[in-house]
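The sequence shown lines up with residues 118 to 246 when you count with the working numbering.
Note that the Cβ used here is the ideal one computed from N, Cα and C, for glycine as well.
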Amino acid sequence: MGGAGIVAEGKLGSREWLLTRRRLLKAGVGVAGAGLTALFFGSGTPELRAQGSGDLIEEVQRGQLPFFVRGRGAKAEEAYRFAAANREILQYIPCFCGCVEIGHRSNSDCYIAAVRPNGRIAYTSHAVG
């Protein structure tokens, strides 16, 4: 009856339990790693659309910057953040770069193509240059 290595029905011996714990730990680490990778890197490529003018459009959550602005320097990032926070002001400032020919009505249009009802902002690359 009480021999070594005998496992009662429904219970694991210490060796079997150790192997099962290791498998669960490895699986948990793998799942967590995959989840974190997806969280930090997403699909790896942003969804960009091109306008007829050649400018790119990227829609992101409020508070985020589009792909084409990141890495362009602090001044570019600051300008896009200002445009998002002060769109009402920029709509009264005309743009003098000639973009009226592509349909821009104000300086706001050089940064933001649209603001969606869900709060997402569609940025245009026009102001990046």
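**Q.** Reduced DSSP secondary structure (H/G/I, E/B, other) of Tyr240
**A.** In the three-state DSSP reduction, Tyr240 falls in the strand class (E or B).
Q: Put Ile210 into one of helix, strand or coil per three-state DSSP.
A: The answer is coil: DSSP assigns Ile210 none of H, G, I, E or B.
Q: Check whether the Cβ atoms of Gln178 and Arg237 sit closer than 7 Å, and answer yes or no.
A: Yes, they are a contact pair.
(Q) Is the separation between the beta-carbon of Ala239 and that of Glu176 shorter than 7 Å? (A) The Cβ-Cβ distance between Ala239 and Glu176 falls below 7 Å.
Q) What separation, rounded to the nearest whole angstrom, lies between the Cα atoms of Ile206 and Arg189? A) If you take the alpha carbons of Ile206 and Arg189, they lie about 24 Å apart.
**Q.** Beta-carbon proximity of Leu173 to Ser242, cut-off 7 Å
**A.** The answer is yes: Cβ separation under 7 Å.
Q) In three-state DSSP terms, what is Glu175? A) Reduced to three states, the DSSP call for Glu175 is strand.
Q. Quick one, which of Phe185, Phe184, Ala230 has its alpha-carbon nearest Gln208's?
A. It is Ala230.
Q: Can you give me the Cβ contacts of Phe185 inside the same chain, cut-off strictly under 6 Å, excluding the 5 residues immediately before and after it?
A: Scanning its chain for C-beta atoms nearer than 6 Å, with the 5 sequence neighbours on each side dropped, one finds around Phe185 the residues Leu173, Ser242, Val245, in chain order.
Q) In three-state DSSP terms, what is Val186? A) Look at Val186 here: in three-state DSSP terms it is coil, with no helix or strand label.
(Q) Quick check: the Cα distance between Ala201 and Pro211, rounded to an integer number of angstroms? (A) Distance between the alpha carbons of Ala201 and Pro211: 17 Å.
Q) Beta carbon of Ser225, beta carbon of Arg204: below 7 Å? A) The Cβ-Cβ distance between Ser225 and Arg204 falls below 7 Å.
Q. Since Val232 sits in a beta bridge, which residues does DSSP pair it with?
A. DSSP links Val232 through a beta bridge to Ile238.
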